[in-house]
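With mature numbering (1 follows the signal peptide of the UniProt record, and there is no 0) applied, the sequence shown corresponds to residues -28 to -1, 1 to 579, in that order.
We treat Cβ as the ideally placed atom computed from N, Cα and C, and that holds for glycine.
Report on the following structure.
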Amino acid sequence: MTRRTVLAATAALAAAGGAVALAPSAFADVDDFSYSRYEVDMHLGTTEDGRARLDVTETWVAEFPDHDQNRGIVRGIPTDYRGAPTEPTDVSVTDGSGAPVVFESDDEEIDGIDYRVLSIDDDTFKHGTTTYVISYTLENVAFAPDREEGTPDELYWDLLPGGTPQPIGVATATITVDPDVAARYTGELLCFTGAHGSTDPCEVTESGSGGGLVLEAELRERVPGQEWTVAVQFEPGTFTRPFIGSETPFARAVGWVWGALAALTTGFVAVTAKRRWRHAPGRGIVIAQYEPEPDVPLRLAAALLGGSATKARVFPAEVVALAVAGSVRLVVTDPGARTPTFEVERAGDPPAGEGSVAETLRAAYDALFPGGERVNALDRRDEKLYARIQRLDRVRLTRGFLEKPADRIPARIGRFSALAGGVVGVALLAACAIIGAGGAFLAVFIVTLLHVVLSLTFGAAPKLRTERGSRALEHLRGLREFIELAEADRLRMLQSVEGAERIDVGDDRQLVRLYERLLPWAVLFGQERSWSEALAARYDALGAPAWWSDGGAGFRTGVFVGAMSSTNATLAPSRFAPSGGSASSGSGFSGGGFSGGGGGGGFSGGR
């Protein structure tokens, strides 16, 4: 288990790089020293119940600078190995002569790894050569990497803390194995050194006396970032496997079982809501329409049609409606650009009259010109404009068209499902935390969160279409169908008995007025390209409309469509959104070993 980051306090000081340059504080350079020597002596044996025990003695010979910089060192000892607690005990610190050295001990979690952090020595400055001898005992340090019967046990251990930012002149390691354990040594031994993840080999010498086993290794001129790891293999069953929460039947099954139960209950909420909450039927037929309904404004139409893309096109459609009504003029500001943009120029008063159609267009007009301005550039950085546009949705338009259902049973079921699931989830999370099943904890957390959110979502009473709303939606679909028709089919429809009474298809000016009235709806439906092409063909003969200015170039479909796309992106709701040492679980053998991949290790540094 390798600690790639220095102690949190040291890392925080390093992160505050500006402070280093501005203040010559001793704190800012506490890692600016070296170790002339590092020795680690490990004694591998077993506890009374057969679990692996490792008695460790580390000797650190620090070469502190002569100026006031360091008050001692820090040492982080990992307290977990492959899900089993190492339980550091008998921790002591002495100097080179064996005299006790004061230290503070705290348990901390850093980068998802639990450490016993030792802050060593008093608060006086230390200078020159200073020796610290750290002793401690660990448990559960060696066992098989998986539970399969017949898998060899192994000690896969980092010989020095990889998260040590200082160079080391000479590092030596000695591992002494008790005779009872050494008798089951398979002879398989690996050593790795280098940057984290390196598989470069290093030498280890073997010797023994009295049935014991002694492994010795040496590393010279260790550079910061270099790690040192050994893997020693023993026969299966050499050590009693420790309790590992993630390996219990509960931890293995809880995620799947809870996930299945949560899916069933969430699905029940969804099915109940779908069966009991239904839109009222309309006429049941869609007929092409060439005029919008007089009491359905664009904003209400978007609510009936649904969809975020349709909602995003509402305000651009309202701007076009104001333009064809003569209230504003669309002025292309950069006609030669790849994505043309335009500004809105006030050309007259807002639409008069009663009813929701005129009211919503007047509200859009006021959002464009709140202080009587003559021009609005639709600047994407204008947050006030965006806020005014968002407030337009608060106008109550859906009464009589969309209503909340009177049936509250799905909502009650959804709330009960969320509450019960939350209670069960919290209980399961507590159980996972108690046994230390980190993977199961994460799975239960995700399932519980999804279950609660989806239960509340499916149980949230939506606005359902009334009969009037369903008929209005059918009319909108008919309007969209008319816009989708080919030009010849549209003209044939307008020449029908009903259409011929109102439109003279031989009069281009009447057709232009009809097509202009439908242009905002084409924008709302996302059909502005085909509809503007139909308009452009007639503008070629009649001249550009008064509501459009393109530097004398006339009405061009590509420029109009590009300007609509630009406006849509400018006013989209997302435009103001903000931008936006590892633990080993593998084996040191079977090709899985590498430098820094074992247990132990941790970090050290200055303070």
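Of all the options the options, which has the alpha carbon lying nearest to the alpha carbon of residue i?
i: residue 183; options: 384, 148, 166; result: 148
i: residue 333; options: 297, 350, 319; result: 297
i: residue 516; options: 322, 302, 450, 49; result: 302
i: residue 273; options: 407, 497, 533; result: 497
i: residue 154; options: 180, 521, 378; result: 180
i: residue 423; options: 124, 345, 436, 395; result: 395
i: residue 221; options: 24, 123, 409, 287; result: 409
i: residue 81; options: 74, 101, 48; result: 48
i: residue 2; options: 97, 52, 79; result: 97
i: residue 365; options: 339, 380, 264; result: 339
i: residue 42; options: 89, 254, 100, 65; result: 100
i: residue 455; options: 488, 443, 433, 426; result: 488
i: residue 36; options: 15, 4, 527, 414; result: 4
i: residue 194; options: 132, 212, 214; result: 132
i: residue 345; options: 321, 362, 269; result: 321
i: residue 44; options: 28, 26, 27, 67; result: 67
i: residue 362; options: 375, 336, 167, 414; result: 336
i: residue 55; options: 26, 85, 40; result: 85
i: residue 283; options: 313, 495, 15; result: 495
i: residue 110; options: 499, 53, 430; result: 53
i: residue 157; options: 115, 171, 172; result: 115
i: residue 360; options: 421, 213, 256, 342; result: 342
i: residue 127; options: 175, 16, 189; result: 16
i: residue 430; options: 145, 245, 211; result: 245
i: residue 145; options: 275, 191, 329; result: 191
i: residue 177; options: 439, 189, 510, 379; result: 189
i: residue 373; options: 432, 411, 442; result: 442
Can you name the start and end residues of the alpha helix (DSSP H) that residue i belongs to?
i: residue 442; result: 439 to 456
i: residue 17; result: Residue 17 -> not in any alpha helix (DSSP H); beta strand (DSSP E) instead, spanning 6 to 18.
i: residue 332; result: 328 to 340
i: residue 501; result: 500 to 514
Any heavy atom of the ligand GTP inside 7 Å of the beta-carbon of residue i?
i: residue 427; result: Absent from the structure shown: the ligand GTP. Ligands present: none.
Which residues bound the beta strand (DSSP E) around residue i?
i: residue 364; result: Premise fails: residue 364 is in no beta strand (DSSP E) and is neither H nor E.
i: residue 45; result: 45 to 50
i: residue 287; result: Not the beta strand (DSSP E): residue 287 falls in the alpha helix (DSSP H), residues 286 to 296.
i: residue 101; result: 100 to 111
i: residue 70; result: Element bounds for residue 70: n/a, residue is neither H nor E.
i: residue 152; result: Per DSSP, residue 152 belongs to no beta strand (DSSP E); it is in the alpha helix (DSSP H), 151 to 154.
i: residue 249; result: First-last for residue 249: undefined, no H or E at that position.
i: residue 34; result: 24 to 36
i: residue 270; result: Per DSSP, residue 270 belongs to no beta strand (DSSP E); it is in the alpha helix (DSSP H), 270 to 277.
i: residue 202; result: 199 to 206
i: residue 189; result: 185 to 194
i: residue 59; result: Element bounds for residue 59: n/a, residue is neither H nor E.
i: residue 91; result: 85 to 92
i: residue 171; result: No beta strand (DSSP E) contains residue 171, which DSSP labels as neither H nor E.
i: residue 179; result: 177 to 179
i: residue 132; result: Counting along the chain, residue 132 falls outside any beta strand (DSSP E), and DSSP gives it neither H nor E.
i: residue 160; result: 157 to 166
i: residue 299; result: Here residue 299 belongs to no beta strand (DSSP E), and DSSP marks it neither H nor E.
i: residue 315; result: 314 to 318
i: residue 578; result: 575 to 578
State the CB to CB distance for the pair residue i and residue j, rounded to an integer number of angstroms; the pair is presumed to be in contact (CB under 8 Å).
i: residue 389; j: residue 241; result: 5 Å
i: residue 6; j: residue 138; result: 5 Å
i: residue 491; j: residue 503; result: 6 Å
i: residue 87; j: residue 57; result: Contact flag wrong, Cβ pair sits at about 12 Å.
i: residue 531; j: residue 304; result: 6 Å
i: residue 416; j: residue 401; result: 6 Å
i: residue 576; j: residue 12; result: Wrong, their Cβ atoms sit about 12 Å apart, outside the cutoff.
i: residue 264; j: residue 451; result: 6 Å
i: residue 326; j: residue 300; result: Incorrect: roughly 21 Å between the Cβ atoms, too far for contact.
i: residue 25; j: residue 141; result: So it is not a contact: roughly 31 Å between Cβ atoms.
i: residue 453; j: residue 254; result: Contact doesn't hold; Cβ gap of about 15 Å is too wide.
*Answer yes if the stretch 231 to 238 comes into contact with the stretch 183 to 203, meaning at least three C-beta pairs across the two stretches below 8 Å, and no otherwise.*
Verdict: no, contact absent.
*Can you find at least 3 beta carbon pairs, one from the stretch 200 to 208 and one from the stretch 161 to 169, that sit closer than 8 Å?*
By the C-beta criterion, the stretch 200 to 208 is judged to be in contact with the stretch 161 to 169, since at least 3 inter-stretch pairs fall below 8 Å.
_When you compare the stretch 380 to 387 with the stretch 354 to 365, are there three or more beta-carbon pairs, one atom per stretch, that lie closer than 8 Å?_
The way I'd put it, the stretch 380 to 387 doesn't touch the stretch 354 to 365; fewer than three beta-carbon pairs between them come closer than 8 Å.
*Residue ranges of each alpha helix (DSSP H) run of no fewer than 4 residues wholly in the stretch 343 to 412, ordered along the chain?*
The qualifying runs are 355 to 363, 381 to 407.
*Would you check if the stretch 60 to 77 and the stretch 10 to 20 touch, i.e. whether three or more CB-CB distances between them fall below 8 Å?*
Because the criterion of three Cβ pairs below 8 Å is not met, the stretch 10 to 20 and the stretch 60 to 77 do not touch.
*Examine the Cβ distances between the stretch 97 to 106 and the stretch 25 to 41 and report whether three or more of them are shorter than 8 Å.*
Yes: at least three Cβ pairs fall under 8 Å.
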